[in-house]
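Colleague: Once you've had a glance at the structure underneath, I'll fire off some questions.
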Amino acid sequence: MKNKLTPYLLVSPYIIHFILFVAFPVTFSIVLTFHKWNIISPMEYTGLTNYIRLFSDATFWKSLGNTLVFLVIHIPLQIIVALLIAEILNQNLKFRGFFRAAFFLPVVVSGVVVTILWQQLYGFDVGLLNRLLVKIGLSKIGWLTDPDIAMPSIAIMATWKNVGLYVILFLVGLQTVPSHFYEAADLEGATRWQKFFKITIPMINPTIFMVVILSTIGGFSLFIEPYVMTGGGPLNSTISAVLYIYKQGFFYYHMGYASTLGIFFAGIILLVVVIQKKFVERD
Amino acid sequence: MKKAIFYIVLVIAALLFIYPFIWMIAASIAPENEIGTLTLLPSGFSLDSYFQMFDKIPIGRAFVNSMIVASSITLGVLVLGSMVGYALSKLEFKGRDLIFYIIIFTMTLPFQITLIPQYLLIVKLGWVDSYMGLIMPYLMNALGIIMFRQYFKTIPQDLIDAARLDGCGELKIIFRILWPNSIPALVTIGIITFMASWNEVLWPLIVIRDEALMTMPQLVTLFAVGGRADSQLGVKLAAAVMLALPIIIAYLFFQKYFIQSMASSGIKE
Numbered sequence: 471m472k473n474k475l476t477p478y479l480l481v482s483p484y485i486i487h488f489i490l491f492v493a494f495p496v497t498f499s500i501v502l503t504f505h506k507w508n509i510i511s512p513m514e515y516t517g518l519t520n521y522i523r524l525f526s527d528a529t530f531w532k533s534l535g536n537t538l539v540f541l542v543i544h545i546p547l548q549i550i551v552a553l554l555i556a557e558i559l560n561q562n563l564k565f566r567g568f569f570r571a572a573f574f575l576p577v578v579v580s581g582v583v584v585t586i587l588w589q590q591l592y593g594f595d596v597g598l599l600n601r602l603l604v605k606i607g608l609s610k611i612g613w614l615t616d617p618d619i620a621m622p623s624i625a626i627m628a629t630w631k632n633v634g635l636y637v638i639l640f641l642v643g644l645q646t647v648p649s650h651f652y653e654a655a656d657l658e659g660a661t662r663w664q665k666f667f668k669i670t671i672p673m674i675n676p677t678i679f680m681v682v683i684l685s686t687i688g689g690f691s692l693f694i695e696p697y698v699m700t701g702g703g704p705l706n707s708t709i710s711a712v713l714y715i716y717k718q719g720f721f722y723y724h725m726g727y728a729s730t731l732g733i734f735f736a737g738i739i740l741l742v743v744v745i746q747k748k749f750v751e752r753d
Numbered sequence: 063m064k065k066a067i068f069y070i071v072l073v074i075a076a077l078l079f080i081y082p083f084i085w086m087i088a089a090s091i092a093p094e095n096e097i098g099t100l101t102l103l104p105s106g107f108s109l110d111s112y113f114q115m116f117d118k119i120p121i122g123r124a125f126v127n128s129m130i131v132a133s134s135i136t137l138g139v140l141v142l143g144s145m146v147g148y149a150l151s152k153l154e155f156k157g158r159d160l161i162f163y164i165i166i167f168t169m170t171l172p173f174q175i176t177l178i179p180q181y182l183l184i185v186k187l188g189w190v191d192s193y194m195g196l197i198m199p200y201l202m203n204a205l206g207i208i209m210f211r212q213y214f215k216t217i218p219q220d221l222i223d224a225a226r227l228d229g230c231g232e233l234k235i236i237f238r239i240l241w242p243n244s245i246p247a248l249v250t251i252g253i254i255t256f257m258a259s260w261n262e263v264l265w266p267l268i269v270i271r272d273e274a275l276m277t278m279p280q281l282v283t284l285f286a287v288g289g290r291a292d293s294q295l296g297v298k299l300a301a302a303v304m305l306a307l308p309i310i311i312a313y314l315f316f317q318k319y320f321i322q323s324m325a326s327s328g329i330k331e
């Protein structure tokens with residue numbers, strides 16, 4: 471038999487990497503939450519100050535609320551649009567490959583590019599959408615300038631960017647539904663909608679839950695879209711939790727406080743994902 | 063009849079997804095006064111926007127930086143990931159399960175928790191404004207390791223035993239025997255990793271301040287938000303085209319692999 475050390479040598483890069491870039495940062499992050507530190511001057515112990523501040527920090531709660539608004543619009547929209555397109559693509563149609571590739575295009579392109587593009591579509595005076603609205607006799611919408619509309623606008627854009635991936639996942643799911651289920655339903659005289667809601671939806675439930683979990687995790691990382699598009703405005707209506715943590719850490723150099731926000735937010739993410747997973751297992 | 067409706071829906075939907083990209087390219091080569099018009103056929107052709115962009119930001123340098131960073135990370139993830147994946151799937155040793163559970167655990171760990179302390183670590187290591195700062199934290203990828211482990215499990219043990227009898231060392235087994243038999247896994251992990259690093263923008267924004275070391279998405283982001291491109295939409299769009307084009311071209315050629323890879327990464331998470 472080979473040297474007993476060999477397996478350990480093979481996994482050692484992982485262990486070193488884990489200690490350096492996961493274990494140490496997580497531990498240090500917890501230590502930081504009890505301190506005030508701007509990197510330059512020495513660390514100062516402040517007890518629970520950061521946590522107390524977090525609970526009374528209106529902007530942080532606003533950023534959490536914004537992230538929630540984003541998720542509440544983004545996830546259902548994503549599922550409905552992706553399922554609809556997947557259902558159509560699953561019919562025996564020509565050029566399926568082409569359509570699939572077209573919907574997938576925004577998935578591979580950088581979020582920065584997508585954001586720059588949609589900034590033009592959403593422009594108030596010269597944007598394509600408002601021009602169309604004016605043309606058909608409606609008034610302009612402040613897609614990115616109205617605090618009530620800006621976050622939904624970003625959620626629509628994010629759906630456009632990601633939906634292609636979920637179309638593919640749903641297509642895979644749809645192909646696992648045995649065709650004799652539909653044949654039996656046809657014999658019973660079921661309508662298209664009945665088949666969709668009574669057979670398709672229950673059969674692809676696992677895929678739906680997977681899409682919910684994946685887009686929840688993705689939605690909680692929302693950063694570049696508001697950063698480029700609105701900078702978090704108007705009136706902080708699009709500041710996401712990650713954008714706020716970024717600002718606290720790298721604009722103001724509040725390392726202790728930013729760590730506290732990071733840990734608290736990560737806790738919320740884990741909690742939400744665990745609840746979602748429990749929901750799936752019970753099902 | 064029903065099919066006709068499906069086709070109409072699909073064509074309209076497909077246009078909604080492709081039109082913005084074609085418009086972006088068309089507008090970036092249109093004369094300055096026509097850029098805002100959203101038509102796809104400019105009356106003239108002008109590379110002015112591109113010349114101005116090359117004057118204003120070191121986009122060529124950023125392209126090279128992005129290439130170096132994304133290629134190094136991809137290579138690292140493939141080489142190191144297959145070493146760990148091999149040990150976890152084909153070798154018996156104490157602590158193997160523990161390491162496997164740690165890897166699974168790190169996959170569930172939100173990055174928001176390590177963002178700040180990881181930056182501080184990079185500061186302490188003196189890696190701010192260096193390729194090391196961009197590359198090192200991403201050299202290991204839990205999903206990559208798990209996918210290698212899964213794939214290697216399907217490779218018959220006989221193949222490995224035979225190689226061992228021939229006197230092959232473990233590294234030779236991994237790179238000479240397993241790799242040629244694992245092309246699908248290598249392609250999938252390679253594409254996911256390269257795309258993720260090419261498009262990553264938050265981490266570069268944090269560790270790189272020196273314009274000469276910025277990656278492409280970072281440079282374009284700062285150009286777009288920094289106000290330097292204000293009122294010059296053409297220049298901004300030209301920068302966006304430069305950033306999107308390499309991936310779009312790769313996608314046009316390897317479309318099938320892109321879609322399969324990304325879909326399988328979603329399914330396995």
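Going line by line, the protein sequences match chains A and B.
Quick note on numbering: the first sequence equals residues 471 to 753 in our numbering.
Quick note on numbering: the second sequence equals residues 63 to 331 in our numbering.
Positions of the beta carbon are idealized from the N, C-alpha and C atoms, including for glycine.
None of the values given here were measured: they were computed from a predicted structure.
#1: Look at the alpha carbon of A:TRP507 and the alpha carbon of B:GLU273, and state the distance between them as a whole number of angstroms.
#2: Could you name the residues of chain B that A:ALA728 contacts, counting a contact when the two beta carbons are closer than 9 Å?
#3: Rounded to whole angstroms, what is the Cα-Cα separation between B:PHE162 and A:LYS474?
#4: Sorted by chain position, which residues of the same chain lie with C-beta nearer than 7 Å to B:ALA286's C-beta, five sequence neighbours on each side aside?
#5: Beta carbon of A:VAL698, beta carbon of A:ILE606: below 8 Å?
#6: Of all the CB atoms in chain D, is at least one closer than 8 Å to the CB of A:ILE638?
#7: Chain A beta carbons: is any one of them nearer than 8 Å to that of B:LEU182?
#8: Check whether the segment 66-77 of chain B touches the segment 618-631 of chain A, taking contact to mean three or more Cβ pairs, one atom from each stretch, closer than 8 Å.
#9: Please list, in chain order, all residues of the same chain as B:LYS330 whose beta carbon is under 6 Å from its beta carbon, the five residues on each side excluded.
#10: Looking at the strands, I want to know which residues DSSP matches up with A:HIS505.
#11: For the alpha helix (DSSP H) that A:HIS487 lies in, which residues bound it at each end?
#12: Taking 8 Å as the cut-off, does the segment 695-715 of chain A touch the segment 145-157 of chain B (at least 3 CB pairs, one atom from each stretch)?
#13: A:GLU557 lies in the alpha helix (DSSP H); which residues open and close that run?
#14: So B:THR168 contacts chain A; which residues on that side make the cut at Cβ distance below 9 Å?
#15: Is it right to say A:LYS631 is buried, meaning 16 or more other beta carbons lie within 10 angstroms of its own, or is it exposed?
#16: Could you give the residue range of the alpha helix (DSSP H) that holds A:ALA654?
#17: So, with DSSP's three-state summary, where would you put B:ARG271?
#18: Is any beta-carbon of chain A found at less than 8 Å from that of B:GLU273?
#19: Would the beta-carbon of B:ALA306 fall within 8 Å of that of B:SER90?
#20: Taking its Cβ as the centre, do 16 or more other Cβ atoms sit within 10 Å of B:TRP260, making it buried, or is it exposed?
#21: Report the three-state DSSP secondary structure of B:GLU331 (helix, strand or coil).
#22: Secondary structure at A:LYS610, three-state DSSP: helix, strand or coil?
#23: So A:VAL579 is in the alpha helix (DSSP H); what residue range does that whole segment cover?
#24: Return the chain-ordered ranges of every alpha helix (DSSP H) run that is complete within the segment 669-749 of chain A and spans a minimum of 4 residues.
#25: Using a C-beta cutoff of 8 Å, does A:ARG523 count as contacting chain B?
#26: Between which two residues does the alpha helix (DSSP H) harbouring A:TYR636 extend?
#27: Is it buried or exposed for A:HIS724, if we count other Cβ within 10 angstroms and need 16 for buried?
#28: A:ILE611 to A:HIS505, Cα distance in whole Å?
#29: Could you check if A:ASN536 is buried or exposed, using at least 16 other CB atoms within 10 Å of its CB as the buried criterion?
#30: Between A:PHE540 and A:LEU692, how many whole angstroms is the CB-CB distance? I'm expecting something under 8 Å.
#31: Consider the Cβ of B:GLN212: report whether some Cβ of chain A lies at a distance smaller than 8 Å.
#32: What's the C-alpha gap between A:MET471 and B:GLN212?
#33: I need the straight-line Cα distance from A:THR476 to B:ILE235, nearest angstrom please.
#34: Does any CB atom of chain A fall closer than 8 Å to the CB of B:ASN261?
#35: What is the DSSP secondary structure of B:GLU154, counted as helix, strand or coil?
Modeller: Let me lay it out:
#1: Numbered from 1 along the first sequence, position 37 holds the residue referred to as residue 507 of chain A. Numbered from 1 along the second sequence, position 211 holds the residue referred to as residue 273 of chain B. Taking the straight line from one Cα to the other gives about 27 Å.
#2: Translated into the one-based positions of the first sequence, residue 728 of chain A becomes position 258. Those are LEU177 and ILE178, listed as they occur along chain B.
#3: What you label residue 162 of chain B is simply residue 100 of the second sequence in a count that begins at 1. What you label residue 474 of chain A is simply residue 4 of the first sequence in a count that begins at 1. Distance between the alpha carbons of B:PHE162 and A:LYS474: 19 Å.
#4: Residue 286 of chain B sits at position 224 when you count from the first residue of the second sequence. Cβ within range, chain order: LYS298.
#5: Position 228 of the first sequence, counted from the start, is the residue given in the question as residue 698 of chain A. Position 136 of the first sequence, counted from the start, is the residue given in the question as residue 606 of chain A. The answer is no: Cβ separation not under 8 Å.
#6: No chain D appears in this structure, whose protein chains are A and B.
#7: Taking the first residue of the second sequence as 1, we reach residue 182 of chain B at position 120. Taking Cβ atoms only, chain A reaches closer than 8 Å to B:LEU182, which makes this a yes.
#8: no
#9: Start at 1 with the first residue of the second sequence, and residue 330 of chain B comes out as number 268. A caution first: B:LYS330 carries a pLDDT of 48, below 50, which makes its placement in the model too unreliable to give a value.
#10: Translated into the one-based positions of the first sequence, residue 505 of chain A becomes position 35. Bridge partners of A:HIS505: A:TYR515.
#11: As a working note, residue 487 of chain A is residue 17 in the first sequence. Where A:HIS487 is concerned, the enclosing alpha helix (DSSP H) stretches over 476-488.
#12: no
#13: Stepping through the first sequence from its first residue, residue 557 of chain A is reached at position 87. Here the alpha helix (DSSP H) through A:GLU557 covers 528-559.
#14: Within the second sequence, numbered from 1, the residue matching residue 168 of chain B stands at position 106. Within 9 Å Cβ-Cβ: PHE488 and VAL492.
#15: Taking the first residue of the first sequence as position 1, residue 631 of chain A is located at position 161. A:LYS631 comes out buried.
#16: On the first sequence, residue 654 of chain A is found 184 positions in, with the first residue counted as 1. 649-657 is the extent of the alpha helix (DSSP H) around A:ALA654.
#17: Counting from 1 along the second sequence, the entry for residue 271 of chain B is found at position 209. Residue state, collapsed to three classes: coil.
#18: Indexing the second sequence from 1 puts residue 273 of chain B at position 211. No, no contact with chain A.
#19: Residue mapping note: residue 306 of chain B aligns to position 244 of the second sequence, counting from 1. Residue mapping note: residue 90 of chain B aligns to position 28 of the second sequence, counting from 1. Not in contact: B:ALA306 and B:SER90 (Cβ atoms no closer than 8 Å).
#20: For the purposes of this step, residue 260 of chain B is taken as residue 198 along the second sequence, with counting starting at 1. Buried.
#21: By one-based count along the second sequence, residue 331 of chain B stands at place 269. Confidence in B:GLU331 is poor, its pLDDT being 42 and thus under 50, which makes the residue's placement unreliable; the coordinate value appears in the next sentence. Note: B:GLU331 maps to coil in three-state DSSP.
#22: For the purposes of this step, residue 610 of chain A is taken as residue 140 along the first sequence, with counting starting at 1. Coil.
#23: Residue mapping note: residue 579 of chain A aligns to position 109 of the first sequence, counting from 1. No alpha helix (DSSP H) contains A:VAL579, which DSSP labels as neither H nor E.
#24: 675-690, 694-699 and 711-720
#25: Residue numbering aside, residue 523 of chain A sits at position 53 when the first sequence is read from its first letter. With 8 Å as the cut-off, A:ARG523 does not count as an interface residue toward chain B.
#26: Within the first sequence, residue 636 of chain A is the residue found at index 166, counting from 1. That run of the alpha helix (DSSP H) goes 620-644.
#27: Indexing the first sequence from 1 puts residue 724 of chain A at position 254. Buried.
#28: Mapped onto the first sequence, residue 611 of chain A falls at position 141. Mapped onto the first sequence, residue 505 of chain A falls at position 35. The alpha-carbon atoms of A:ILE611 and A:HIS505 are separated by roughly 45 Å.
#29: Counted from its first residue, the first sequence places residue 536 of chain A at position 66. With 16 or more other Cβ atoms within 10 Å, it is buried.
#30: If you number the first sequence from 1, residue 540 of chain A lands on position 70. If you number the first sequence from 1, residue 692 of chain A lands on position 222. Correct: roughly 6 Å between the Cβ atoms.
#31: Residue 212 of chain B sits at position 150 when you count from the first residue of the second sequence. Not an interface residue.
#32: Within the first sequence, the letter at position 1 stands for residue 471 of chain A. Within the second sequence, the letter at position 150 stands for residue 212 of chain B. Caution is warranted here: a pLDDT of 47 is assigned to A:MET471, below 50, making its placement in the model unreliable, and the coordinate value is therefore given only provisionally. For A:MET471 and B:GLN212, the distance between alpha carbons rounds to 24 Å.
#33: Counting from 1 along the first sequence, the entry for residue 476 of chain A is found at position 6. Counting from 1 along the second sequence, the entry for residue 235 of chain B is found at position 173. One C-alpha to the other measures close to 13 Å.
#34: Locating residue 261 of chain B in the second sequence gives position 199, where the first residue counts as 1. So yes, B:ASN261 belongs to the interface.
#35: Mapped onto the second sequence, residue 154 of chain B falls at position 92. DSSP places B:GLU154 in coil when its eight states are reduced to three.
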